[in-house]
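According to the numbering used here, the sequence shown is numbered sequentially starting from 4. Ideal Cβ placement from N, Cα and C applies to all residues, glycine included. No experiment lies behind these values; they were computed from the predicted model shown. Just below is one structure, and these are the notes that go with it.
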Amino acid sequence: MSDMTHSEIVESLRWRKFPVLNDGFVCLVDVMGDDRSIVQAARVSYGEGTRKMSDDRTLLRYLLRHQHTTPFEMADLKFLVRVPMDTWRQWIRHRTASVNEYSTRYSIAINSMYATEPDAWRTQSTTNRQGSADYFDADAGQTFSDSERVFQQTARTLYEEMIEAGVAREQARKNLPLSTYTEAYWKIDLHNLFHFLALRMELAAQQEIVHYATIIGEQIVRPLFPFAWEAFVDYSLHAMTLSRIEQDFLSYLTQQQGCTLPITHGLFDAACEGAGSASTVERTDSRDPWLNGEWSLMNRSREREECRDKLIRLGLLR
Ligand SMILES: Cc1cc2nc3c(=O)[nH]c(=O)nc-3n(C[C@H](O)[C@H](O)[C@H](O)COP(=O)(O)OP(=O)(O)OC[C@H]3O[C@@H](n4cnc5c(N)ncnc54)[C@H](O)[C@@H]3O)c2cc1C
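Here it is in structure tokens:
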């Protein structure tokens, strides 16, 4: 795509349906703006100052790095999406978009449901109450998929029988499962789309919405706004924050007697529990974060495991 002009890229993407899940899709309807329109808006505010940052790419990176985000609102994207209701429920929480959704009061509900493949059923995570962990084996998955198919057919039959009998569409729909697909036009500016993508392409998000967000990001936004996308990936999507406590804790760990990098899990856990080598020293200093309770947060599993993950990603813990 790199040899194509922006208008050629727009034309190649517009109305192209990117399939997601078994019957969902994402499709770009329209786009206003490109990397240059963001830069153009930024130059108005910086005026002469932008002479030093004549390179568009450098300027875009500077803007995102310093969270000067309003220029990114100058670009707008409009999508048509088909999404199962449970995923849509998460999607619609992003209030900074304009939405017009298929009406099941006005029309017969879309006759399509998200059916999970036998090898795609996930177990409940034991560490994250909101998340999933591994996959079920194929036999167990087949049983779930078979039961799901029967249930979805039963629910659809009940719905259609009620419609046939003259029950109002607005009432008959209440027994349709959350796996039923809905469609909507979804228009959002690039700043708020980046916020959506940062939250929904992230591992902590539910896998189904991650699929949608990843397609929007990588297949549509990336070719349309290559420099803005690069800056977003570097300063938001793949960036990491270290809290004040995490910075102090890392500094404490590396100063432990005998500590060589990478830090071991043993030292990390001992320090989290307040039983590191420093704990053998009598604690009298009120600034000692163990004594004043500040680091008790690191003894709780969530903060501790998130900190562990960050240090592993940085190659500092093994
Ligand atoms: C992993 C994950 C788990 C979640 N779990 C839950 C859950 O258990 N329960 C639940 O209810 N939700 C949950 N959510 C939804 C979450 O709380 C947000 O509602 C959702 O991610 C939308 O984010 P947002 O409000 O920042 O986005 P948008 O609505 O697009 O808003 C963008 C930004 O605009 C500003 N803004 C918009 N509206 C207002 C306002 N009224 N007041 C002030 N500022 C505003 C804020 O700065 C906001 O960040 C979860 C989200 C994620 C990603």
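Whether residue i touches residue j by CB criterion (7 Å)
i, j, result
"L31", "F82", "yes"
"R85", "G27", "yes"
"Y117", "S182", "yes"
"F199", "H71", "no"
"R387", "Y238", "This structure cannot settle anything about residue 387, because the visible part of the chain is limited to 4 through 321."
"M165", "A158", "no"
"A216", "R203", "yes"
"I41", "A231", "yes"
"D192", "D79", "yes"
"S106", "K190", "no"
Ligand 1 heavy atom lying under 6 Å from the CB of residue i
i, result
"T99", "yes"
"R96", "yes"
"A171", "no"
"A208", "yes"
"L202", "yes"
Identity of the residue in the options nearest residue i by Cα
i, options, result
"M77", "E104, V47 and A136", "V47"
"D312", "D291, S289 and T267", "T267"
"E211", "D291, E11 and P22", "P22"
"T146", "T73, P121 and R92", "P121"
"R92", "E233, A171 and Y184", "Y184"
"T257", "L245, T244 and F271", "F271"
"I248", "D149, A158, E309 and I12", "E309"
"A44", "W18, W293 and L62", "L62"
"G318", "S289, N195, R307 and P265", "P265"
"H9", "Q133, T244 and P229", "P229"
"E208", "R132, Y138, H194 and R307", "Note on identity: in this sequence residue 208 is Ala, with Glu being the wrong assignment. Closest option to A208, Cα to Cα, is R132."
Exposed unless 16 or more other CB atoms sit within 10 angstroms - verdict on residue i
i, result
"M301", "buried"
"L24", "buried"
"T90", "buried"
"F154", "exposed"
"V224", "buried"
"V170", "exposed"
"R64", "buried"
"W18", "exposed"
"L227", "buried"
"G296", "exposed"
"A242", "exposed"
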